[in-house]
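Data block below; observations after.
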Amino acid sequence: MEIRVKCRCGEDECSEWAIVELQGVVETQASFEGSIQNLEIGRLCHTESSQETYTFTVGYHELIGSKVTLKKPLLVLKKLQLDDEVSGKTTELEVVGIIRTKILFKTRPKPLISGTN
Amino acid sequence: MAERIGGAEAVIDLKPGSSIPISYHPSFGPHDDLLLLEADDTLVSDIFSQRVTLRGLPDEDAVLCTKSKTFAIKFVGNSNSMFLIPPSSSDDDTNINNRQLVSVLKISPGNMELVEVSPRLDKLKQLLLANPFGAAEVDAMMDDNDDDNNEKKGVKLYTWTDLVNTVQASDEELSVGLQSLSAVEIDGYWRVIDENYLDVILRMLLHNCVLNYWSFDDLDEDEVVSALVADEFPSKLASHCLRVFASRVNSSGTGKWKLEPRLVCLHFARLVLRDEKMRLESFMEEWKKKIPDGMEGRFEMLEGEVLTETIGIETRVYTFSVRSLPSTPAERFSILFKHRSKWEWKDLEPYLRDLHVPRLSMEGLLLKYTRRAQPKADAPPVFSAR
Chain A
-18 MEIRVKCRCG
-8 EDECSEWAIV
2 ELQGVVETQA
12 SFEGSIQNLE
22 IGRLCHTESS
32 QETYTFTVGY
42 HELIGSKVTL
52 KKPLLVLKKL
62 QLDDEVSGKT
72 TELEVVGIIR
82 TKILFKTRPK
92 PLISGTN
Chain B
58 MAERIGGAEA
68 VIDLKPGSSI
78 PISYHPSFGP
88 HDDLLLLEAD
98 DTLVSDIFSQ
108 RVTLRGLPDE
118 DAVLCTKSKT
128 FAIKFVGNSN
138 SMFLIPPSSS
148 DDDTNINNRQ
158 LVSVLKISPG
168 NMELVEVSPR
178 LDKLKQLLLA
188 NPFGAAEVDA
198 MMDDNDDDNN
208 EKKGVKLYTW
218 TDLVNTVQAS
228 DEELSVGLQS
238 LSAVEIDGYW
248 RVIDENYLDV
258 ILRMLLHNCV
268 LNYWSFDDLD
278 EDEVVSALVA
288 DEFPSKLASH
298 CLRVFASRVN
308 SSGTGKWKLE
318 PRLVCLHFAR
328 LVLRDEKMRL
338 ESFMEEWKKK
348 IPDGMEGRFE
358 MLEGEVLTET
368 IGIETRVYTF
378 SVRSLPSTPA
388 ERFSILFKHR
398 SKWEWKDLEP
408 YLRDLHVPRL
418 SMEGLLLKYT
428 RRAQPKADAP
438 PVFSAR
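In order, the protein sequences belong to chains A and B. Take -18 as the starting number for the first sequence in our numbering and just add one per residue. Take 58 as the starting number for the second sequence in our numbering and just add one per residue.
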């Protein structure tokens, strides 16, 4: 079986996706009922400073991180399972995006004493 | 103030002093059909040039192939939470009240990594050696009424496309594999030629050399093919015979070939030995009888193809060809050490020469798979299984 990795765009036009990466797990409050789609997670801020620092505020936690250029880019692939009259069940792989940088939060969350920013 | 730009772009272009909210995407979910693949710049451009494929049978782990290399695919988990944020889309649900949001579509558990591996060419050997092309098929070929002879017998033959779909190797590696098996494409199918039949063609070629006073070093392809076709051999196999036993004289396509003494003599050595162990003296006698006049057979020509064992005062020789051994290092060493528990380097080296493992040198291979012992300082080192 041979599956060609397809892409509809060239390297330069390939849409760039983003990754925000943090240690640990973000959880919704125990009292929350309902689906999490559309729910706000937190606020990402690029700090006004000489260093390339970012903060991510989730609830009353503040994380500090930075933008990292990936040594090797990540390609976002979509796996498609198709059912063809002629060739039966086939699988296709398509490149839908590329990721060159990520915002990485490596520190332990700093609890914010006051609730306002 | 409403932000106009959303999606991944908003994260990537976020200016110092600015901030944006990040939410779960309206379609947030596992999205198991979305995978992350780590790829270096070379692979990235290969992929965008549509030159990359996944190959393998359903029961095998898929490999990724570029035009010339083969890679195993490993999943590397990440215990961090990787929020995957797609670019904004105009017809997206994230466009609410004309304010586009930055939305997390999925939390990726990790990504796939590629590790370069040797092509799995042992399967190619196995598939093609199952049905070598021999004299019986030639007769059928010449007899036009018998077109579907092989199909009738239920024999499985392989086209290039069949091989691509079955063997886990890149196109270039597959071609090299076919070349090293001296395979030839007949009627669209890749075949290895039965050794006995090849012998018949070679003998006829040598016979014609004598008859026509052709020099071994200056054979004309057209003349050779005409003569062999006149003797009722298919022209394709006549040409193939040259490719197996000769090499081109300068590559300008003049159609001139020179017979390689080593290949011709090796062929006759194998014919003499067959599956037996012969006394060295008897073998040398029989071998010299078969070698054509004008060629000299030297025992060194047979390294990597025959082995000797000395029992008492007698030395015996037998066929042990590197080409019959597995191409993966672990299996290769296993068979070698099962055959003989201790090897001197001079005997072992010809059976390792063709091993090419990414990221591993010969020293590395020996370190990994063998134990080296040197009984006496002035004696050669001896290798055994690890």
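Backbone N, C-alpha and C define an ideal beta-carbon position, used for all residues, glycine too. Values in this document were obtained by computation on a predicted structure and should not be read as measured data.
Check your understanding: With a cut-off of 8 Å, do at least 3 Cβ pairs link the segment 334 to 343 of chain B to the segment 364 to 384 of chain B?
Key -> yes
Check your understanding: Is S47(A) near the ligand SAH, in the sense that its beta carbon is under 7 Å from a heavy atom of that ligand?
Key -> Here there are no bound small molecules, and the ligand SAH is not part of this structure.
Check your understanding: At a CB-CB cut-off below 8 Å, which residues of chain A make contact with K161(B)?
Key -> The residue given as residue 161(B) occupies position 104 in the second sequence. In the sequence as presented, Lys is not what sits at residue 161(B); that position holds Val. Near V161(B) (Cβ distances below 8 Å), the residues of chain A are V1 and I22.
Practice item. Just the C-alpha distance for R416(B) and R410(B), rounded to the nearest angstrom, thanks. Key: One-based indexing of the second sequence puts residue 416(B) at position 359. One-based indexing of the second sequence puts residue 410(B) at position 353. Going from the Cα of R416(B) to the Cα of R410(B) covers about 16 Å.
Point to revise | Contact set between the segment 214 to 234 of chain B and chain A, restricted to residues whose Cβ is under 8 Å from the partner | key: V221 and N222
Review point. With 16 other CB atoms within 10 Å as the buried threshold, where does T9(A) fall?
Key: Stepping through the first sequence from its first residue, residue 9(A) is reached at position 28. Label assigned to T9(A): exposed.
Review point. Comparing alpha-carbon positions, which option in H27(A), S16(A), I0(A) and V(-14)(A) lies nearest S75(B)?
Key: Counting from 1 along the second sequence, the entry for residue 75(B) is found at position 18. Closest option to S75(B), Cα to Cα, is H27(A).
Check your understanding: Run through DSSP, which three-state label would Y254(B) get?
Key -> Working through the second sequence from its first residue, we reach residue 254(B) at position 197. Y254(B): helix per DSSP, three-state reduction.
Review point. Taking just the CA atoms, how far does I104(B) sit from P87(B)?
Key: Your numbering for residue 87(B) matches position 30 in the second sequence. Your numbering for residue 104(B) matches position 47 in the second sequence. Between P87(B) and I104(B), the C-alpha separation is close to 25 Å.
Check your understanding: Quick one: is T82(A) near chain B, going by C-beta distance under 8 Å?
Key -> Residue mapping note: residue 82(A) aligns to position 101 of the first sequence, counting from 1. Yes, T82(A) counts as interfacial toward chain B.
Exercise for review: Identify every residue that forms a DSSP beta bridge with R373(B).
Suggested key: Counted from its first residue, the second sequence places residue 373(B) at position 316. DSSP output for R373(B) lists R336(B) and E366(B) as bridge partner(s).
**Study point:** Of the residues F13(A), E29(A), V39(A) and D(-7)(A), the one placed nearest L93(A), counting alpha carbons only
**Key:** Along the first sequence, one-based indexing puts residue 93(A) at 112. Comparing Cα-Cα distances from L93(A) to each of F13(A), E29(A), V39(A) and D(-7)(A), the minimum goes to V39(A).
Practice item. Within its chain, find whatever has a CB closer than 6 Å to the CB of P349(B); leave out the 5 residues flanking it on each side and keep chain order. Key: Taking the first residue of the second sequence as position 1, residue 349(B) is located at position 292. L263, listed in sequence order.
**Study point:** Under 9 Å from the C-beta of P143(B): neighbouring residues of chain A
**Key:** In the second sequence, counting from the first residue as 1, residue 143(B) sits at position 86. Simply S(-4), W(-2), A(-1), V57, V77 and G78.
Check your understanding: Looking only at its own chain, which residues have a Cβ that is under 8 Å from the Cβ of T216(B), when we skip the five neighbours before and after it?
Key -> As a position in the second sequence, residue 216(B) is number 159, starting the count at 1. Excluding positions up to five away in sequence, the list reads G245, Y246 and W247.
**Study point:** Closest residue to L359(B) among V379(B), G369(B), I368(B) and S391(B) (Cα-Cα distance)
**Key:** Here the question's residue 359(B) lines up with position 302 in the second sequence. Cα-wise, what sits closest to L359(B) is V379(B).
Practice item. Using the Cα positions of I326(B) and L299(B), report the straight-line distance between them to the nearest angstrom. Key: Locating residue 326(B) in the second sequence gives position 269, counting from the first residue. Locating residue 299(B) in the second sequence gives position 242, counting from the first residue. Here residue 326(B) turns out to be Ala, not Ile, going by the sequence shown. Approximately 19 Å, taken between the alpha carbons.
**Study point:** the segment 189 to 200 of chain B contacting the segment 118 to 129 of chain B, beta-carbon criterion three pairs below 8 Å
**Key:** no
Check your understanding: What does G113(B) touch in chain A if you count any residue whose Cβ is under 7 Å from its own?
Key -> For the purposes of this step, residue 113(B) is taken as the residue at position 56 of the second sequence. Simply M(-18).
Point to revise | L141(B), buried or exposed, once every other Cβ within 10 Å from all chains shown has been counted against 16 | key: In the second sequence, residue 141(B) corresponds to position 84, counting from 1. It is buried - the Cβ of L141(B) has at least 16 other Cβ atoms within 10 Å.
**Study point:** Test item: CB-CB of I258(B) and F290(B) under 8 Å
**Key:** Counted from its first residue, the second sequence places residue 258(B) at position 201. Counted from its first residue, the second sequence places residue 290(B) at position 233. Yes, they are a contact pair.
Exercise for review: Please check if any C-beta of chain B sits within less than 8 Å of the C-beta of P90(A).
Suggested key: Here residue 90(A) is taken as the residue at index 109 of the first sequence, counted from 1. Cβ-Cβ to chain B under 8 Å: no for P90(A).
Check your understanding: Would you say the segment 171 to 183 of chain B touches the segment 63 to 81 of chain B, given that touching needs at least three Cβ pairs under 8 Å?
Key -> no
Check your understanding: Since K72(B) meets chain A, which of its residues come closer than 8 Å, beta carbon to beta carbon?
Key -> The count along the second sequence starts at 1 and reaches residue 72(B) at position 15. Going along chain A in sequence order, the residues near K72(B) (Cβ under 8 Å) are H27.
Review point. Cβ of R362(B) within 8 Å of Cβ of L323(B)?
Key: For the purposes of this step, residue 362(B) is identified with residue 305 of the second sequence, where counting begins at 1. For the purposes of this step, residue 323(B) is identified with residue 266 of the second sequence, where counting begins at 1. Reading off the sequence shown, one finds Glu at residue 362(B), where the question assumed Arg. Closer than 8 Å, so yes.
Practice item. Check whether the Cβ atoms of L25(A) and V(-14)(A) sit closer than 8 Å, and answer yes or no. Key: Within the first sequence, residue 25(A) is the residue found at index 44, counting from 1. Within the first sequence, residue -14(A) is the residue found at index 5, counting from 1. Cβ distance not < 8 Å, so L25(A) and V(-14)(A) don't count as in contact.
Practice item. Please name the residue, chosen from T72(A), L55(A), T82(A) and L85(A), that lies closest to D97(B) on a Cα-to-Cα basis. Key: Walking along the second sequence from the start, residue 97(B) turns up at place 40. Measuring from the Cα of D97(B), the nearest candidate turns out to be L55(A).
Review point. Does DSSP put F140(B) in a helix, in a strand, or in coil?
Key: Position 83 of the second sequence, counting from 1, holds the residue named residue 140(B). If DSSP states are grouped into helix, strand and coil, F140(B) belongs with the strands.
Review point. Exposed or buried, I368(B), counting other C-beta atoms within 10 Å across all chains shown (16 or more means buried)?
Key: Working through the second sequence from its first residue, we reach residue 368(B) at position 311. By the neighbour-count rule (16 or more Cβ atoms within 10 Å), I368(B) is not buried but exposed.
Exercise for review: State the Cα-Cα distance for the pair S146(B) and D116(B), rounded to the nearest angstrom.
Suggested key: For the purposes of this step, residue 146(B) is taken as residue 89 along the second sequence, with counting starting at 1. For the purposes of this step, residue 116(B) is taken as residue 59 along the second sequence, with counting starting at 1. Their Cα atoms are separated by approximately 38 Å.
Check your understanding: If you measure from the beta carbon of N168(B) to each beta carbon in chain A, is any gap under 8 Å?
Key -> As a first step, residue 168(B) is located in the second sequence; it is residue number 111 there, counting from the start. Judged by the 8 Å Cβ criterion, N168(B) is in contact with chain A.
Review point. Under a CB-based cut-off of 8 Å, is G69(A) close to chain B?
Key: Locating residue 69(A) in the first sequence gives position 88, where the first residue counts as 1. No, because no Cβ of chain B sits closer than 8 Å to the Cβ of G69(A).
Check your understanding: What residues in its chain sit with their C-beta under 6 Å from that of N265(B), if we drop five residues either side in the sequence?
Key -> Numbered from its first residue, the second sequence carries residue 265(B) at position 208. Correct list, in chain order: A284.
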